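Asks: I have a structure here, written as structure tokens, and I will follow up with some questions on it.
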Amino acid sequence: MASRFDWEARYRNARGVIPDPDPFLGEALEHVRLAAPAAADAVDIACGRGQNSLALAAYGLKTVAVDYSSEALQLCAELAAEKALAVETRCFDLESTEADWGDSRFDVVAVFRYLHRPLVPLLKRIARPGGIIIYKTFTRKQLQFGTGPRKPDYLLEEKELPELFADFRHLLYRETCDFEATAALVAQKP
Ligand SMILES: C[S@@+](CC[C@H](N)C(=O)[O-])C[C@H]1O[C@@H](n2cnc3c(N)ncnc32)[C@H](O)[C@@H]1O
């Protein structure tokens, strides 16, 4: 997996380019609408350039976008300002003691294409009771393709994602393997 320095360089070179929001997010937000209609805020963990943060904000959630790449966050903040969307960017290393969440709690916790298993208890903690986790990232089957992470630490095992959130109520779970191999979960904190 790339280092913080690598990510900064990657985003600097792709300046101004932002992908579309993940299609799974639209589907997941339908579950938020039904299961947590009063949801008001969200956090997008390891948000990158923030395409999903912007979509969460466009849905109506006041969104905090977290990443350790200031390059990526700057682009996200510029786009949010342009579109008048409620996105606050926070730049810190999620895997270090820099990551001080204090009393922050969210109705929606979103994670796309990022895995650091020791962070799972924190993701559960920062979700409010009744809050929704939306998680989609690569599985081990991604190794058959030439792209994406290679290290097992960054790849989910089959059925691992629902197991990591076994104490949540599962609303949607899907593993797919077409042009990329991913697992995607929507689950609600009791
Ligand atoms: C594959 S990208 C995914 C970005 C975005 N979620 C998406 O789906 O397009 C992984 C992101 O994780 C961020 N990242 C990796 N390790 C991190 C860490 N320890 N703390 C904060 N961000 C991190 C990188 O800067 C990068 O933006």
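Everything in the sequence shown is counted per this note's numbering, starting at 110 for the first residue and increasing by one.
Yeah, the Cβ is synthetic: ideal placement off N, Cα and C, and Gly gets one too.
Remember, it's a predicted structure, so these values are computed and weren't measured experimentally.
1) Three-state secondary structure (DSSP) at Cys-200?
2) My understanding is that Leu-165 touches Asp-153, with C-beta atoms under 8 angstroms, so please give their C-beta distance in whole angstroms.
3) Just checking His-225 against ligand 1 - is the residue's beta carbon closer than 8 angstroms to any of the ligand's heavy atoms?
4) Using a Cβ-Cβ cut-off of 8 angstroms (strictly less than) and excluding sequence neighbours within five positions of Gly-255, which residues of its own chain qualify?
5) Do Ile-241 and Ala-167 have their C-beta atoms within less than 9 angstroms of each other?
6) Under 9 angstroms, do Phe-247 and Ala-181 count as touching if we go by C-beta distance?
7) With a threshold of 8 angstroms (Cβ to nearest heavy atom), would Trp-210 be considered close to ligand 1?
8) Just to confirm my understanding: we take Ala-174, look at its own chain, exclude 5 residues before and 5 after, and list those with CB closer than 6 angstroms. What are they?
9) Starting from Cys-185, trace the alpha helix (DSSP H) both ways and give me its first and last residue.
10) Regarding Ala-111 and ligand 1, is the C-beta to nearest heavy atom distance less than 8 angstroms?
11) Anyone know if the C-beta pair for Leu-203 and Leu-228 falls short of 9 angstroms?
12) Do Asp-262 and ligand 1 come close, with the Cβ less than 8 angstroms from some heavy atom?
13) Which residues in the same chain have their Cβ closer than 8 angstroms to the Cβ of Gly-125, if we skip the five residues on either side of it in sequence?
14) Grab me the residues of Arg-222's own chain with a C-beta within less than 6 angstroms of its C-beta, minus the 5 sequence neighbours each way, in chain order.
15) What separation, rounded to the nearest whole angstrom, lies between the Cα atoms of Arg-237 and Leu-281?
16) Assign His-279 to one of three DSSP states: helix, strand, or coil.
Replies: In brief:
1) On the sequence shown, residue 200 is found 91 positions in, with the first residue counted as 1. Cys-200 falls in the strand class under three-state DSSP.
2) Within the sequence shown, numbered from 1, the residue matching residue 165 stands at position 56. Within the sequence shown, numbered from 1, the residue matching residue 153 stands at position 44. Their Cβ separation, rounded to whole angstroms, is 6 angstroms, which keeps Leu-165 and Asp-153 in contact under 8 angstroms.
3) Taking the first residue of the sequence shown as position 1, residue 225 is located at position 116. Within the cutoff, so yes.
4) Taking the first residue of the sequence shown as position 1, residue 255 is located at position 146. Closer than 8 angstroms at the Cβ level, and outside the excluded window around Gly-255, lies no residue.
5) Sequence index remark: in the sequence shown, residue 241 carries index 132 (1-based). Sequence index remark: in the sequence shown, residue 167 carries index 58 (1-based). One thing to note: Ile-241 has its Cβ no nearer than 9 angstroms to the Cβ of Ala-167.
6) Here residue 247 refers to the residue found at position 138 when the sequence shown is read from its first residue. Here residue 181 refers to the residue found at position 72 when the sequence shown is read from its first residue. Contact flag unset, no.
7) Position 101 of the sequence shown holds residue 210. Result no, Cβ not under 8 angstroms from ligand 1.
8) Along the sequence shown, read from residue 1 onward, the residue named residue 174 stands at position 65. Answer for Ala-174: Asp-153, Cys-156, Gly-159, Ser-162, Cys-185, Val-196, Thr-198, listed in chain order.
9) Here residue 185 refers to the residue found at position 76 of the sequence shown. Where Cys-185 is concerned, the enclosing alpha helix (DSSP H) stretches over 179–191.
10) For the purposes of this step, residue 111 is identified with residue 2 of the sequence shown, where counting begins at 1. Placement of the Cβ of Ala-111 at a distance of less than 8 angstroms from at least one heavy atom of ligand 1 is found.
11) Within the sequence shown, numbered from 1, the residue matching residue 203 stands at position 94. Within the sequence shown, numbered from 1, the residue matching residue 228 stands at position 119. Yes, the pair counts as a contact, with Cβ atoms nearer than the cut-off.
12) By 1-based counting over the sequence shown, the position of residue 262 is 153. Checking the Cβ of Asp-262 against ligand 1 gives no.
13) As a first step, residue 125 must be located in the sequence shown, where it is residue number 16. Once the five neighbours on either side are set aside, the close Cβ partners of Gly-125 are Leu-184.
14) Translated into positions along the sequence shown, residue 222 becomes position 113. Same-chain partners within the cutoff: Thr-246.
15) Within the sequence shown, the letter at position 128 stands for residue 237. Within the sequence shown, the letter at position 172 stands for residue 281. One alpha carbon belongs to Arg-237, the other to Leu-281, and they sit about 19 angstroms apart.
16) Sequence index remark: in the sequence shown, residue 279 carries index 170 (1-based). In the structure shown, His-279 sits in a strand (DSSP, three-state: E or B).
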